[in-house]
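Only one structure is covered here, and it is reproduced in the block below.
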Amino acid sequence: MPPIDAATLLSKGFHCPIIAPSIAFRFSHRFVRSRHTPLLGRHRCTTIVFRAPKASAPILLYLPPGPVVPERPDEEERVLATLQESSAATIVRINYRASHVHQYPTPCHDVLLGYDWVCEHLLIDEFSRPYLARLGVCGELVGGSLATMLALTECRLGESRIGAAAVNNPIVDWVFPDELPVVQPQDLPEPQYGDETQLPADEDMAGSLAIREAVENLQNERRRSKKRTPKTPPPTSWQAYGDNTIIPAWTLSEERDILFRKPQDYFDRFASPIHFFRSPHAQLIFPLQDDIFASAQPDEDLDPEIQMALNHYATFEDAIKVPPTIPTLSRCRAYARNYPPGGTRLSLPVWNITTGLQSPLSDTTHELAKMLRRSIARQMLKSHSGRSRWHNAAEKTQYEENAQKRIQVDSYDGVGLWTQPDANAETKARLQKVGAWMKRRLEPDFA
Numbered sequence: 001m002p003p004i005d006a007a008t009l010l011s012k013g014f015h016c017p018i019i020a021p022s023i024a025f026r027f028s029h030r031f032v033r034s035r036h037t038p039l040l041g042r043h044r045c046t047t048i049v050f051r052a053p054k055a056s057a058p059i060l061l062y063l064p065p066g067p068v069v070p071e072r073p074d075e076e077e078r079v080l081a082t083l084q085e086s087s088a089a090t091i092v093r094i095n096y097r098a099s100h101v102h103q104y105p106t107p108c109h110d111v112l113l114g115y116d117w118v119c120e121h122l123l124i125d126e127f128s129r130p131y132l133a134r135l136g137v138c139g140e141l142v143g144g145s146l147a148t149m150l151a152l153t154e155c156r157l158g159e160s161r162i163g164a165a166a167v168n169n170p171i172v173d174w175v176f177p178d179e180l181p182v183v184q185p186q187d188l189p190e191p192q193y194g195d196e197t198q199l200p201a202d203e204d205m206a207g208s209l210a211i212r213e214a215v216e217n218l219q220n221e222r223r224r225s226k227k228r229t230p231k232t233p234p235p236t237s238w239q240a241y242g243d244n245t246i247i248p249a250w251t252l253s254e255e256r257d258i259l260f261r262k263p264q265d266y267f268d269r270f271a272s273p274i275h276f277f278r279s280p281h282a283q284l285i286f287p288l289q290d291d292i293f294a295s296a297q298p299d300e301d302l303d304p305e306i307q308m309a310l311n312h313y314a315t316f317e318d319a320i321k322v323p324p325t326i327p328t329l330s331r332c333r334a335y336a337r338n339y340p341p342g343g344t345r346l347s348l349p350v351w352n353i354t355t356g357l358q359s360p361l362s363d364t365t366h367e368l369a370k371m372l373r374r375s376i377a378r379q380m381l382k383s384h385s386g387r388s389r390w391h392n393a394a395e396k397t398q399y400e401e402n403a404q405k406r407i408q409v410d411s412y413d414g415v416g417l418w419t420q421p422d423a424n425a426e427t428k429a430r431l432q433k434v435g436a437w438m439k440r441r442l443e444p445d446f447a
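With full-length UniProt numbering, the residue at position 62 of the sequence shown is 62, and numbering never jumps.
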């Protein structure tokens with residue numbers, strides 16, 4: 001899927017007439033100034049810019065956690081102050097809108113508009129000339145989802161781009177298939193409409209055919225030697241920790257129903273960015289209407305006059321508006337997708353991904369990290385050798401180790417939110433670690 005930018009959205013008549021509420025932060029640092037900036041005339045999403053003392057400081061975009069947790073201005077102030085102090089960057093807070101009034105795709109549009117505004121107005125030298133730069137982006141929960149979307153789509157070589165992304169507990173898959181009854185992998189149905197590849201989502205697209213055959217042979221031997229009743233899989237993080245009091249699973253599900261107009265919308269790749277790398281683990285099944293069964297064509301050809309009569313009455317039936325039906329969500333097989341696609345000049349940034357050991361979003365966060373590692377390793381292989389498959393296991397290990405250096409993943413006790421109300425010195429130390437990581441990755445000499 002080709003990336004979109006704010007200019008494309010504006011050309012399609014996107015309107016944002018309402019100004020989002022802004023928060024005036026009370027930083028103690030003398031060099032910090034806050035500025036509320038309306039974006040692009042009538043498109044009234046806002047930003048707040050916290051400038052670093054050095055004019056040449058890198059720019060870090062901060063996306064708030066969104067409506068899945070209560071607003072905590074004091075906690076956000078602490079997060080922003082810690083990030084700015086440790087990263088020495090100019091921080092731009094994009095006040096994207098997300099509510100029952102401003103449903104998806106409005107949050108995506110706002111973030112893309114904010115990003116374009118930053119590139120146009122802040123990447124200017126002392127002679128008022130634009131320059132190219134690598135920017136950072138960070139966020140958690142809904143902000144982490146939008147930060148992931150931005151980092152995956154605005155990373156084109158040869159222009160200003162996202163060079164580093166730090167996300168904490170990102171909601172990268174709004175489908176939430178873990179709410180559904182457990183189905184053994186071998187019993188999962190195929191998706192109704194197929195997908196881009198026939199490779200299962202948990203397999204590596206760059207895998208050597210010889211390696212794959214060897215693994216399959218080994219698995220077949222084990223199945224023949226151990227014929228047992230399949231064990232019940234262990235509970236997922238959603239099932240095990242969904243009843244926590246900070247981000248309970250029922251709150252995430254309720255907010256999903258508020259933020260999306262219809263179920264089809266949360267299957268979109270910009271809303272659920274892990275779908276850039278694989279198809280969903282669930283699908284929507286729409287019930288067939290009774291009149292559809294009655295009007296279905298018979299197996300045998302009809303008399304021409306009877307067929308003409310049926311066609312005549314069908315024109316009246318088409319004019320009748322059928323009431324919308326409520327689809328049912330059911331599990332299905334997921335298949336791998338190739339991202340970034342060839343010929344797009346997209347080069348994925350470096351990543352700092354964190355989550356909580358008791359977070360319901362832990363599994364999807366780690367899955368995102370795995371998908372990113374595979375994609376980056378595949379890109380490295382393609383750029384260095386021109387091939388899209390490993391020769392052998394040693395080559396696979398080499399490229400995966402190199403990709404590992406670009407994806408840092410950490411898990412912490414508890415839910416692990418940056419803005420949780422019981423934040424302590426340990427939470428501040430984690431934020432300082434993220435800020436220091438961002439500072440190093442945005443330096444001009446970082447490769």
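Cβ coordinates follow ideal geometry from the N, Cα and C atoms, glycine included.
Since the model is a prediction, treat every value here as computed from it, not as a measurement.
Put simply, the segment 84–100 does not touch the segment 170–187. Fewer than three CB pairs are less than 8 Å apart. The Cβ atoms of residue 170 and residue 147 sit closer than 8 Å to each other. The three-state secondary structure of residue 241, taken from DSSP, is helix. Taking one beta carbon from each stretch, the segment 350–358 and the segment 390–399 have fewer than 3 pairs nearer than 8 Å; the two do not touch. Here the segment 49–67 makes contact with the segment 138–156; the two share three or more CB pairs at distances below 8 Å. Counting C-beta pairs with one atom in each stretch, the segment 251–266 and the segment 374–389 have fewer than three that are closer than 8 Å, which means they do not touch.
If you check the CB distance, residue 118 and residue 92 come in under 8 Å. Segment contact: the segment 44–56 against the segment 127–135, fewer than three CB-CB distances shorter than 8 Å; contact not assigned.
Only exposed fits residue 121, as fewer than 16 other CB atoms lie within 10 angstroms of its CB. Counting along the chain, residue 144 sits inside the alpha helix (DSSP H) bounded by residues 142–153. The DSSP-derived three-state label of residue 130 is strand. The segment 330–338 makes no contact with the segment 240–259; the number of CB pairs closer than 8 Å stays below 3.
The continuous stretches of alpha helix (DSSP H) do not include residue 264, and DSSP gives it neither H nor E. Non-local beta-carbon contacts of residue 237 in its own chain, meaning distances under 6 Å to residues more than five positions away in sequence, involve 360, 362, 363 in chain order. Between residue 390 and residue 249, the C-beta gap is not smaller than 8 Å, which leaves the two residues out of contact. The C-alpha of residue 195 is placed about 39 Å away from the C-alpha of residue 420. The Cβ atoms of residue 82 and residue 51 do not sit closer than 8 Å to each other.
Counting along the chain, residue 182 sits inside no alpha helix (DSSP H), nor does DSSP assign it H or E at all.
Only residues of its own chain outside the window of five on either side were considered, and among them 350, 376 have a CB closer than 6 Å to the CB of residue 406, listed in chain order. Residue environment for residue 401: exposed (fewer than 16 other C-beta atoms within 10 angstroms of its C-beta).
Leaving aside the five residues that flank residue 255 on each side, the residues in its chain whose CB is nearer than 7 Å to its CB run, in chain order, 67, 68.
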